[in-house]
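Notes to accompany the following structure.
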Amino acid sequence: MIGSIVARTTVEANPSFVDPAAGVSICAYREPDSGCKDVSVTNNLVGGAEYGGFVGAIGHRCYDTSSTNFKNNIAHSIIGTLSGAGAYINRHVADPEQENCFEISNFKAYKCHNTPFVTYSTGKKVVMSRMTFIDNKEGFTALLSHADSYDEDIVIEGNDIKIMGETDSPDCPINGGFCDIYHKRGYITSAITWAGKAMHITDTSPLPPQNIMSISAWGSKIVFNRLTF
Amino acid sequence: MTNTVFAVGSFVPDYVAMHEFYDTKFIDVEGDAVTYIYDPPKKWANIKDCGNFPCTGPANILLSFKGSKFEGIRPDYATADFQIISNNPGFSQYVPECEFHKGMNAWSCE
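Top to bottom, those sequences are chains X and R. Quick note: the first sequence uses our numbering, first residue 1321, plus one each step. Quick note: the second sequence uses our numbering, first residue 138, plus one each step.
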């Protein structure tokens, strides 16, 4: 199925208001949505959406390669006010086991105006696996919100992720109608903080989602295996 | 334009935990393109945020690499096992076997 997603222009609000938007919002628009169950988001492509390609509380249990909660999705050219994430995915709140460990896997993003991927969820461990990011402005990153600042079992883990900078696809295509050249980064340092953020952030101040506005937790472990740059 | 593989978040005043990277593969990555670690902004020295001095989060970055592999262009300082630390004026220059890289505003260490 092919759909066209257009940002609405009829909202009247103060200048700092950000209209909740995304290509696909999954169990996130009215978060925390503990009644959101049996949702499977697979094999989708979102291009040119505002704020996030995929915004969802739709992680899966760690190291479960059979999960189809969120799998084989692609986002590109996502843009927004101080935002533009290929995917902003947190744990699935309807699955209490994910409080201990949740994973997001099998995702690709290219030419996003901000980050290709970010997670900023409550929980004790997040795993990112089997992702590919090409030619995005900011790097991917992961943050966890955990109130016990000295808990040393808080882990951010990434496995088998490929990050590519420039590609043959130009940032200033001839007669393309745009020219966006900027300093690009592959990965932004991860962190654990006391407080997290909403998935659909509706004010410019906290944006982008990975902009830390909370006290950092001291006990934490950040490990990446088999990254390719 | 200078693209970098690793970057420090733009607002990390408190603390960034050590990052451990295992079996990382670098393909055509030049030395100064591995990272750029900014100094703590002076504007962080205010009562609301950090008090009389800027919070030192960016000054205490440690990226640890083990089992790294390289193809094509490669950083001349990098080996399979190496580390990158912030340019912390009270610390970095005293660490043995570390080399400063102006383009990264950081030190590589064996």
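No residue lacks a Cβ here, since even glycine has one placed at the ideal position from N, Cα and C. Since the structure is predicted, the reported quantities are computational estimates derived from the model, not experimental observations.
Put simply, the segment 1333-1345 of chain X touches the segment 1514-1531 of chain X. At least three CB pairs are less than 8 Å apart. Close partners of R1505 (chain X) in chain R (Cβ separation under 8 Å): N140, T141, V142, F143, A144. Counted as a single uninterrupted DSSP element, the beta strand (DSSP E) harbouring S1441 (chain X) occupies residues 1437-1442.
In the three-state scheme derived from DSSP, where H, G and I count as helix and E and B as strand, S229 (chain R) is classed as helix. Near chain X, meaning a CB-to-CB distance below 8 Å, the residues of the segment 162-181 of chain R are K162, F163, I164, V166. It is roughly 29 Å from the alpha-carbon of K1431 (chain X) to the alpha-carbon of V1475 (chain X).
Nearest CB-CB separation between D160 (chain R) and chain X: below the 9 Å threshold. In the DSSP annotation of this structure, the continuous segment of the beta strand (DSSP E) that includes H238 (chain R) starts and ends at 235-238. Taking the Cα positions, C187 (chain R) is about 11 Å away from P177 (chain R).
Against chain R, a Cβ distance below 9 Å from K1541 (chain X) picks out A154, M155, E157. For G194 (chain R), the nearest CB of chain X lies under 9 Å from its own CB, placing it at the interface with that chain.
A straight line joining the alpha-carbon of T216 (chain R) with that of E1472 (chain X) spans about 30 Å. Straight across, the Cα-Cα distance linking G1368 (chain X) with N1456 (chain X) is about 13 Å. Comparing C-alpha distances from L1464 (chain X) to each of X:E1486, X:A1511, X:S1336, X:D1488 shows the shortest one belongs to X:A1511.
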